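Report on the structure given below.
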Amino acid sequence: MLLVAAVVLLLKIGATTTTSTTILPATSDPSDDTSTCSNPTTNDETTERCTGGTDSNDDVKEEEKISSDTNNTSIMTVDYHPDDRRLLLYHFESTTSTQDEAKLLAEAFATTTSSGQTQNDINDNDDNDVTTFCVTATEQTSGRGTSGRQWLGAPGNVFVTIAIRQSTWTTHLPRVPLTLLPLKVGTIAAHTVQRLLDDCRRSNGQFTTSSNDYHSYHDQHDDPDPFVTVKWPNDVLCDHKKISGTLIESAAGWFLIGIGINLQYAPSVPTTGANHGRPSVSIRDYCPKLIPDSQGDNDMARQVGVQLAYDLHVWLQQQQQQQQQQQEEDAATVAQDIVNEWKEWLDWDMELVMRDTPDRETVRLVDVLPDGRVRVETVDDGTTRVLVSDYFV
Numbered sequence: 001m002l003l004v005a006a007v008v009l010l011l012k013i014g015a016t017t018t019t020s021t022t023i024l025p026a027t028s029d030p031s032d033d034t035s036t037c038s039n040p041t042t043n044d045e046t047t048e049r050c051t052g053g054t055d056s057n058d059d060v061k062e063e064e065k066i067s068s069d070t071n072n073t074s075i076m077t078v079d080y081h082p083d084d085r086r087l088l089l090y091h092f093e094s095t096t097s098t099q100d101e102a103k104l105l106a107e108a109f110a111t112t113t114s115s116g117q118t119q120n121d122i123n124d125n126d127d128n129d130v131t132t133f134c135v136t137a138t139e140q141t142s143g144r145g146t147s148g149r150q151w152l153g154a155p156g157n158v159f160v161t162i163a164i165r166q167s168t169w170t171t172h173l174p175r176v177p178l179t180l181l182p183l184k185v186g187t188i189a190a191h192t193v194q195r196l197l198d199d200c201r202r203s204n205g206q207f208t209t210s211s212n213d214y215h216s217y218h219d220q221h222d223d224p225d226p227f228v229t230v231k232w233p234n235d236v237l238c239d240h241k242k243i244s245g246t247l248i249e250s251a252a253g254w255f256l257i258g259i260g261i262n263l264q265y266a267p268s269v270p271t272t273g274a275n276h277g278r279p280s281v282s283i284r285d286y287c288p289k290l291i292p293d294s295q296g297d298n299d300m301a302r303q304v305g306v307q308l309a310y311d312l313h314v315w316l317q318q319q320q321q322q323q324q325q326q327q328e329e330d331a332a333t334v335a336q337d338i339v340n341e342w343k344e345w346l347d348w349d350m351e352l353v354m355r356d357t358p359d360r361e362t363v364r365l366v367d368v369l370p371d372g373r374v375r376v377e378t379v380d381d382g383t384t385r386v387l388v389s390d391y392f393v
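With the first letter of the sequence shown counted as 1, position 268 gets the number 268 in the UniProt record's numbering; the numbers rise by one all the way through.
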């Protein structure tokens, strides 16, 4: 019987040193009938509570209360996804950032097991092995975006980090460029934003279109519904305002995919300085009836974060199944499918300002290459070049 041991994770805010333990699923002796709670690095300032056990379905849920002398309090829960136990779900009421928590968890997965193996050595085909985990939070106190820019994180919006094993990509998509991962994630985020807006239209008795019809409708009407698009390499826009962003990092054999979606509110974005950027918008701006102004209730935001993780997890599992059934598509075909799907959400007419160039030149996308790079055309003189990692306002 697979049991989960939950151990407190403590991050002392404002201290010169950080004390942390790990939160990690572990396989117990089959004769055990209760979960265990271990604490390899006890701290007198930390109050810990560990509960556990399994029911007839081996479903597991753990809850921890974390407190310190800084009066920083956070509630952590962990559970398997109800539809797939290979996806593990962590939730914090408050944290510095979901990326920080995911990094600590990734390091724990890489070094801690019950059998002497590292988790990275475990076969991905084992149904009981976690191949994906996600971390959601009600609020982030020190969220960050690309290039270390601040990502505001008051309660009400979606804050999630999805962690996938690097070996999952290299094993099941060995010849698909890793540079396509941001595009795949961007497409999933765009679909999620679109679904939320579709729910809004349904709640108002309005007709819901497919993504392709939705874009055609926008082209044919002067006053269309909200227009969802992607912006290379990591943003989702609604009517050319930012509604979602992505940050991808790596740690201990895992890719950490941080996603934020403006659900209940749109943070104010400065027009100058290190954190300058595009104006923002929220789902609630379009759907006040669907999403009430209640920043204390983050259940919907948490559910959206979990759905993002599940959508990516399912896609990766599909790639694994195709390989196991000897139906693996040609790598070029898989890569082109990722690019083509992302391009369906692209506004080719949108002009983009280069964020970090001295003259802040304006360009327009003219092509997306099979490896995820883009070819742009300078608006002023029509010259073209290929971009790898540049960012736009």
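Glycine included, every Cβ here is placed at the ideal spot set by N, Cα and C.
Just so we're clear, the structure is a prediction, and the values are computed from it rather than from any experiment.
**Under 9 Å between C-beta atoms of R302 and H240** = Working through the sequence shown from its first residue, we reach residue 302 at position 302. Working through the sequence shown from its first residue, we reach residue 240 at position 240. At least 9 Å separates the beta-carbon of R302 from that of H240.
**Request:** Taking L316 as the reference, give the member of H172, V160, K103 and V386 with the closest Cα.
**Result:** Position 316 of the sequence shown holds residue 316. Measuring from the Cα of L316, the nearest candidate turns out to be H172.
**Message:** If you reduce the DSSP assignment to three classes, tell me which class C200 lands in.
**Reply:** As a working note, residue 200 is residue 200 in the sequence shown. Looking at C200 - three-state DSSP - the assignment turns out to be helix.
**Request:** Since I believe A252 is in contact with A106 (beta carbons under 8 Å), could you give me their beta-carbon distance rounded to a whole number of angstroms?
**Result:** Counting from one through the sequence shown, the residue named residue 106 turns up at place 106. Counting from one through the sequence shown, the residue named residue 252 turns up at place 252. Right, their Cβ atoms sit about 4 Å apart.
**Request:** Count the other CB atoms, across all protein chains shown, that sit within 10 Å of the CB of I75; report buried if there are 16 or more and exposed otherwise.
**Result:** Position 75 of the sequence shown, counted from the start, is the residue given in the question as residue 75. I75 comes out exposed.
**Message:** Measuring CB atoms only, is the segment 159-171 touching the segment 253-261, in the sense that at least three cross pairs come out at less than 8 Å?
**Reply:** Judged by Cβ distances under 8 Å, the segment 159-171 makes contact with the segment 253-261, as three or more pairs qualify.
**Item:** Per DSSP, the bridge partner or partners of Q140
**Value:** On the sequence shown, residue 140 is found 140 positions in, with the first residue counted as 1. Answer is T95, bridged to Q140.
**Prompt:** Around the Cβ of D225, are there at least 16 other Cβ atoms within 10 angstroms (buried) or fewer (exposed)?
**Reply:** As a first step, residue 225 must be located in the sequence shown, where it is residue number 225. Buried, since its Cβ has 16 or more Cβ neighbours within 10 Å.
**Request:** Given a cut-off of 9 Å, decide if G305 and V130 are closer than it, judged by their beta-carbon atoms.
**Result:** Residue mapping note: residue 130 aligns to position 130 of the sequence shown, counting from 1. Residue mapping note: residue 305 aligns to position 305 of the sequence shown, counting from 1. Going by beta carbons, V130 and G305 fall outside the 9 Å limit.
**Beta-carbon proximity list for D44, same chain, < 6 Å, skipping 5 on both sides** = Reading the sequence shown from its first residue, position 44 is the one you call residue 44. The predicted model places D44 with a pLDDT of 35, which falls under 50 and marks its position as unreliable, so this point remains unresolved.
**Asked** P233: buried (16+ other C-beta within 10 angstroms of its C-beta) or exposed?
**Response** Taking the sequence shown and counting its residues from 1, one reaches residue 233 at position 233. P233 is buried by the Cβ-count criterion.
**Request:** Return the Cβ separation of P370 and V339 in integer angstroms, given the expectation that the two are a contact with Cβ distance under 8 Å.
**Result:** Numbered from 1 along the sequence shown, position 370 holds the residue referred to as residue 370. Numbered from 1 along the sequence shown, position 339 holds the residue referred to as residue 339. Correct: roughly 6 Å between the Cβ atoms.
**Request:** Below 7 Å CB to CB, which residues in the same chain sit around L139 once its five sequence neighbours on both sides are set aside?
**Result:** Against the sequence shown, residue 139 aligns to sequence position 139. Here the sequence assigns Glu to residue 139, which means Leu is not the residue at that position. Here the set comprises S94, G153, A154 and P155.
**Message:** Check whether chain C comes within 9 Å of C134, counting only Cβ atoms and requiring the distance to be less than that.
**Reply:** Absent here is chain C; the protein component of the structure consists of one chain.
**Prompt:** If you draw a straight line from the alpha carbon of D285 to that of H81, how long is it in whole angstroms?
**Reply:** Along the sequence shown, read from residue 1 onward, the residue named residue 285 stands at position 285. Along the sequence shown, read from residue 1 onward, the residue named residue 81 stands at position 81. CA-CA distance, D285 to H81, rounds to 30 Å.
**Prompt:** What is the rounded straight-line gap between the Cα of Q336 and the Cα of H313?
**Reply:** Walking along the sequence shown from the start, residue 336 turns up at place 336. Walking along the sequence shown from the start, residue 313 turns up at place 313. Cα-Cα distance, rounded: 20 Å.
**Prompt:** In angstroms, rounded to a whole number, what distance separates the CA positions of S167 and Q318?
**Reply:** As a working note, residue 167 is residue 167 in the sequence shown. As a working note, residue 318 is residue 318 in the sequence shown. Distance between the alpha carbons of S167 and Q318 is about 15 Å.
**Request:** Quick one: residues in its chain with C-beta nearer than 6 Å to the C-beta of Q320, no 5 flanking neighbours on either side, listed in chain order?
**Result:** As a position in the sequence shown, residue 320 is number 320, starting the count at 1. Contacts found: H172.
**DSSP three-state assignment for R284, whether helix, strand or coil** = Position 284 of the sequence shown, counted from the first residue, corresponds to residue 284. The answer is helix: DSSP assigns R284 an H, G or I state.
**Cα-Cα separation, L180 to V368** = Mapped onto the sequence shown, residue 180 falls at position 180. Mapped onto the sequence shown, residue 368 falls at position 368. One C-alpha to the other measures close to 11 Å.
**Option in S244, L89 and A266 with minimal Cα separation from residue 410** = Residue 410 lies beyond the range of the chain shown here (1 to 393); nothing can be said about it.
**Prompt:** In terms of residues, what are the limits of the beta strand (DSSP E) holding I291?
**Reply:** If you number the sequence shown from 1, residue 291 lands on position 291. Careful: I291 lies outside any beta strand (DSSP E) and carries neither H nor E.
**Request:** Quick one: grab the DSSP three-state call for R85.
**Result:** Position 85 of the sequence shown, counted from the start, is the residue given in the question as residue 85. Secondary structure at R85: strand, using DSSP grouped into helix, strand and coil.
**Message:** Can you tell me whether M354 is helix, strand or coil according to DSSP?
**Reply:** On the sequence shown, residue 354 is found 354 positions in, with the first residue counted as 1. Looking at M354 - three-state DSSP - the assignment turns out to be strand.
**Request:** Starting from residue 394, follow the beta strand (DSSP E) in both directions and report where the run begins and ends.
**Result:** Outside the shown range of the chain (1 to 393) lies residue 394, about which nothing can therefore be said.
**Prompt:** Roughly how many angstroms separate the alpha carbons of M354 and L387, rounded to a whole number?
**Reply:** The residue labelled residue 354 in the question sits at position 354 within the sequence shown. The residue labelled residue 387 in the question sits at position 387 within the sequence shown. Going by the C-alpha atoms only, they are around 11 Å apart.
**Message:** Given a cut-off of 9 Å on the beta-carbon distance, is the pair T192 and L346 in contact?
**Reply:** Reading the sequence shown from its first residue, position 192 is the one you call residue 192. Reading the sequence shown from its first residue, position 346 is the one you call residue 346. Against a cut-off of 9 Å, the Cβ pair of L346 and T192 comes out as no contact.
**Request:** Return yes when the Cβ of V379 is within less than 9 Å of the Cβ of R364, no when it is not.
**Result:** Indexing the sequence shown from 1 puts residue 364 at position 364. Indexing the sequence shown from 1 puts residue 379 at position 379. Yes, these two residues count as a Cβ contact at 9 Å.
**Asked** If you count every other CB in all the chains shown that lies within 10 Å of the CB of W348, and 16 or more means buried, which is it?
**Response** Working through the sequence shown from its first residue, we reach residue 348 at position 348. Sixteen is the threshold: since fewer than 16 other Cβ atoms of the shown chains lie within 10 Å of the Cβ of W348, the residue is exposed.
**Prompt:** In its own chain, which residues sit with a C-beta less than 7 Å from the C-beta of V176, not counting the 5 before and 5 after it?
**Reply:** Reading the sequence shown from its first residue, position 176 is the one you call residue 176. A331, V334 and A335.
**Item:** Cβ neighbours of L263 in the same chain (closer than 8 Å, five flanking residues each side left out)
**Value:** Here residue 263 refers to the residue found at position 263 of the sequence shown. So the list reads G156, N157, V158, L196, S282, I283, R284, I291, M300, A301 and V304, once near-sequence residues are dropped.
**Request:** Could you check what DSSP says for T161 in three-state terms: helix, strand or coil?
**Result:** Along the sequence shown, read from residue 1 onward, the residue named residue 161 stands at position 161. Here T161 sits in strand by DSSP.
**Message:** Suppose contacts are defined by Cβ-Cβ distances below 9 Å. Is S244 in contact with A190 by that definition?
**Reply:** Along the sequence shown, read from residue 1 onward, the residue named residue 244 stands at position 244. Along the sequence shown, read from residue 1 onward, the residue named residue 190 stands at position 190. Contact flag set, yes.
**Alpha-carbon spacing of T383 relative to W169, whole angstroms** = As a position in the sequence shown, residue 383 is number 383, starting the count at 1. As a position in the sequence shown, residue 169 is number 169, starting the count at 1. One alpha carbon belongs to T383, the other to W169, and they sit about 36 Å apart.
**Prompt:** In three-state DSSP terms, what is R385?
**Reply:** As a working mapping, residue 385 is identified with position 385 in the sequence shown. Reduced to three states, the DSSP call for R385 is strand.
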